[in-house]
Amino acid sequence: MRVTALDGRIDIQFPRDFSALSKQRLQRGIEAFLEALEEK
């Protein structure tokens, strides 16, 4: 896994093809990821 973080942008590269996921499922996963980052 490779992660790059910039102002307003996160780039995460996995050895996985995400193109088969629906836009809705991918969006829910990203929202959960961002919520987990905000937890204290």
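Position 20 of the sequence shown, counted from 1, bears residue number 32 in the working numbering, the numbering being contiguous throughout.
Using N, Cα and C, we set each Cβ at its ideal position, and we do this for glycine too.
In this text, all values refer to a predicted model and were calculated from it rather than measured experimentally.
Checklist line | Distance between LEU18 and PHE45 (C-alpha atoms, nearest Å) | finding: Each residue's alpha carbon lies about 16 Å from the other.
Item checked: N-terminal and C-terminal residue of the beta strand (DSSP E) that ALA17 is part of -> Unbroken beta strand (DSSP E) run through ALA17: 14–18.
Next item on the list: Look up ILE24 in the DSSP assignment and give the residues it is bridged to.
Entry: VAL15
Notebook entry, point to check: From PHE26, ILE42, LEU33, pick the residue whose C-alpha is nearest to that of MET13; which is it?
Noted result: PHE26
Next item on the list: Note the first and the last residue of the continuous alpha helix (DSSP H) segment covering SER45.
Entry: The amino acid at residue 45 is misidentified as Ser; the sequence shows Phe. Unbroken alpha helix (DSSP H) run through PHE45: 35–50.
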